[in-house]
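A.B. asks: In terms of this note's numbering, the sequence shown has 227 at position 225, counting the first letter as 1, and numbering is strictly consecutive.
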Amino acid sequence: MADLEWEKLLKLQSPNGSFVFSPAATAFAFMETKDDNCLRFLKNTVEKFNGGVPSVYPVDLFEHIWAVDRLQRFGISRYFGPEIKQCIDYVYRYWSEEGICWARNSNVHDIDDTAMGFRLLRLQGYEVSADVFRHFKFGGESFCIAGQSNQAVTGMYNLYRASQVLFPGDDILEDAKKFSSKFLREKQATNELLDKWIITKDLPGENPKKDKCRNQTMGDIAMTRIKLSIMPYVNNNIYLELAKLDYNNCQAMHQQEWNLIQEYVH
3 MADLEWEKLL KLQSPNGSFV FSPAATAFAF METKDDNCLR FLKNTVEKFN GGVPSVYPVD
63 LFEHIWAVDR LQRFGISRYF GPEIKQCIDY VYRYWSEEGI CWARNSNVHD IDDTAMGFRL
123 LRLQGYEVSA DVFRHFKFGG ESFCIAGQSN QAVTGMYNLY RASQVLFPGD DILEDAKKFS
183 SKFLREKQAT NELLDKWIIT KDLPGENPKK DKCRNQTMGD IAMTRIKLSI MPYVNNNIYL
243 ELAKLDYNNC QAMHQQEWNL IQEYVH
């Protein structure tokens with residue numbers, strides 16, 4: 003890569019000294035440029051993780067957004083009102099007209115995190131404009147990141163979910179809904195509802211109440227990034243155990259009510 007114009011590339015450096023929050027990319031940049039900001043990011047990251055580094059760091063916006071979504075999917079978000087508000091406030095603090103990505107203060111924005119953040123912010127009553135999605139519309143109808151050759155299933159699924167909170171006059175969300183729905187239906191028809199970022203989850207098996215009490219849009223497509231398994235704030239057994247306890251408690255309460263009704267009938 004001898005022809006890289008590092009003088010121009012360094013202008014794309016994030017405020018924390020990294021390149022797209024990737025230790026690997028930042029390490030390569032440091033090897034080529036000996037840039038002090040790159041070295042500072044690498045030292046801080048290695049120190050934080052006791053000698054090793056993750057593939058991407060930080061992922062603070064991703065964690066805040068997906069933790070809330072996880073609690074909602076398990077049906078236990080009502081127990082975490084103040085914590086959820088803190089998470090949403092954090093996301094709103096770093097929201098921009100061009101969207102967001104997995105980390106704060108980024109000059110790169112992706113449709114997946116933007117769609118998830120937009121949906122949660124609107125559901126919590128924050129004023130966010132649907133025009134943010136115009137920055138991801140290319141070629142008349144395609145929604146993706148600039149330079150992306152094809153759409154990921156997760157991004158399109160979350161774009162579809164975001165389109166469910168459209169307001170009258172949100173024409174861009176109407177377009178997003180049509181595009182993402184068509185995309186997902188085509189993937190479903192060809193058994194391609196998988197990409198490198200996701201694994202399918204047996205969500206009804208994890209929490210039967212979700213299956214009995216709620217119907218997820220798009221045929222109960224339960225998608226979770228593969229990264230969730232190594233993010234304790236997003237994916238952990240505590241959430242699952244609490245969801246099971248909540249379901250059992252709810253079931254016992256309804257059983258008691260049913261027994262009382264039967265006594266009155268007989």
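Cβ atoms here follow ideal geometry from the backbone N, Cα and C, with glycine treated the same way.
Bear in mind the structure is a predicted one, so any value in this text is a computation, not a measurement.
Which word fits S98, buried or exposed, when buried means at least 16 other C-beta atoms lie within 10 angstroms of its C-beta?
C.D. replies: Counting from one through the sequence shown, the residue named residue 98 turns up at place 96. That one is exposed.
A.B. asks: State the Cα-Cα distance for the pair N18 and R42, rounded to the nearest angstrom.
C.D. replies: Numbered from 1 along the sequence shown, position 16 holds the residue referred to as residue 18. Numbered from 1 along the sequence shown, position 40 holds the residue referred to as residue 42. The alpha-carbon atoms of N18 and R42 are separated by roughly 8 Å.
A.B. asks: Return the chain-ordered list of same chain residues with a C-beta closer than 7 Å to the C-beta of V267, the five sequence neighbours on each side being excluded.
C.D. replies: Residue 267 sits at position 265 when you count from the first residue of the sequence shown. Result list for V267: empty, nothing under 7 Å.
A.B. asks: Let me know the secondary structure DSSP gives F169 once reduced to three states.
C.D. replies: In the sequence shown, the residue the question calls residue 169 occupies position 167. The answer is coil: DSSP assigns F169 none of H, G, I, E or B.
A.B. asks: Touch check for the region 127-138 and the region 182-197: three-plus C-beta pairs under 8 Å?
C.D. replies: No: fewer than three Cβ pairs fall under 8 Å.
A.B. asks: Between which two residues does the alpha helix (DSSP H) holding T28 run?
C.D. replies: What you label residue 28 is simply residue 26 of the sequence shown in a count that begins at 1. Segment P25 to T35, the alpha helix (DSSP H) holding T28.
A.B. asks: Quick one: residues in its chain with C-beta nearer than 6 Å to the C-beta of F82, no 5 flanking neighbours on either side, listed in chain order?
C.D. replies: Locating residue 82 in the sequence shown gives position 80, counting from the first residue. Excluding positions up to five away in sequence, the list reads L73.
A.B. asks: With DSSP as the reference, please indicate the residues paired to K139 in a beta bridge.
C.D. replies: As a working note, residue 139 is residue 137 in the sequence shown. DSSP lists F145 as partners of K139.
A.B. asks: One question on the structure: do C103 and L63 come within less than 9 Å of each other, judged by their Cβ atoms?
C.D. replies: Working through the sequence shown from its first residue, we reach residue 103 at position 101. Working through the sequence shown from its first residue, we reach residue 63 at position 61. Closer than 9 Å, so yes.
A.B. asks: Between which residues of its own chain and C118 is the CB-CB distance below 6 Å, once the five residues before and five after are set aside?
C.D. replies: By 1-based counting over the sequence shown, the position of residue 118 is 116. According to the sequence shown, residue 118 is Met rather than Cys. For M118, where only same-chain residues beyond five positions count, the Cβ hits under 6 Å are I67 and N160.
A.B. asks: Do L6 and D37 come within 9 Å of each other at the CB atom, strictly closer than that value?
C.D. replies: Position 35 of the sequence shown, counting from 1, holds the residue named residue 37. Position 4 of the sequence shown, counting from 1, holds the residue named residue 6. Cβ atoms of D37 and L6: not closer than 9 Å.
A.B. asks: Would you mind stating whether F140 and M158 have Cβ atoms separated by less than 9 Å?
C.D. replies: Taking the sequence shown and counting its residues from 1, the one referred to as residue 140 is at position 138. Taking the sequence shown and counting its residues from 1, the one referred to as residue 158 is at position 156. Their beta carbons are not under 9 Å apart, which means F140 does not touch M158 by this criterion.
A.B. asks: Assign K229 to one of three DSSP states: helix, strand, or coil.
C.D. replies: Position 227 of the sequence shown holds residue 229. Unreliable placement is indicated for K229, whose pLDDT of 45 sits below 50; the coordinate value is still reported in the next sentence. Correct three-state label for K229: helix.
A.B. asks: Using only CA atoms, which one of K179, L168 and A69 lies nearest to C89?
C.D. replies: Here the question's residue 89 lines up with position 87 in the sequence shown. It is A69 whose Cα lies nearest to the Cα of C89.
A.B. asks: Let me know if T202 comes out buried or exposed under the rule of 16 or more other beta-carbons within 10 Å of its beta-carbon.
C.D. replies: Walking along the sequence shown from the start, residue 202 turns up at place 200. Per-residue confidence for T202 stands at a pLDDT of 48, beneath the threshold of 50, marking its modelled position as unreliable; the derived number appears in the next sentence. Exposed: under 16 other Cβ atoms inside 10 Å.
A.B. asks: With H, G and I counted as helix, E and B as strand and the rest as coil, what does DSSP make of F120?
C.D. replies: For the purposes of this step, residue 120 is taken as residue 118 along the sequence shown, with counting starting at 1. Three-state DSSP puts F120 in a helix.
A.B. asks: Going by beta-carbon coordinates alone, are A154 and F120 separated by less than 9 Å?
C.D. replies: For this step, residue 154 is matched to residue 152 along the sequence shown. For this step, residue 120 is matched to residue 118 along the sequence shown. Their beta carbons are not under 9 Å apart, which means A154 does not touch F120 by this criterion.
A.B. asks: Excluding five sequence neighbours on each side, which residues of the same chain lie with their C-beta closer than 6 Å to the C-beta of I174?
C.D. replies: As a position in the sequence shown, residue 174 is number 172, starting the count at 1. These residues qualify, in order along the chain: A132, F135 and R136.
A.B. asks: Does the distance from the CB of R106 to the CB of P170 come in under 9 Å?
C.D. replies: Within the sequence shown, residue 106 is the residue found at index 104, counting from 1. Within the sequence shown, residue 170 is the residue found at index 168, counting from 1. Taking 9 Å as the Cβ cut-off, R106 and P170 do not qualify as a contacting pair.
A.B. asks: Out of curiosity, what's the CA-to-CA distance linking T35 and D172?
C.D. replies: In the sequence shown, the residue the question calls residue 35 occupies position 33. In the sequence shown, the residue the question calls residue 172 occupies position 170. Those two C-alpha atoms are separated by around 45 Å.
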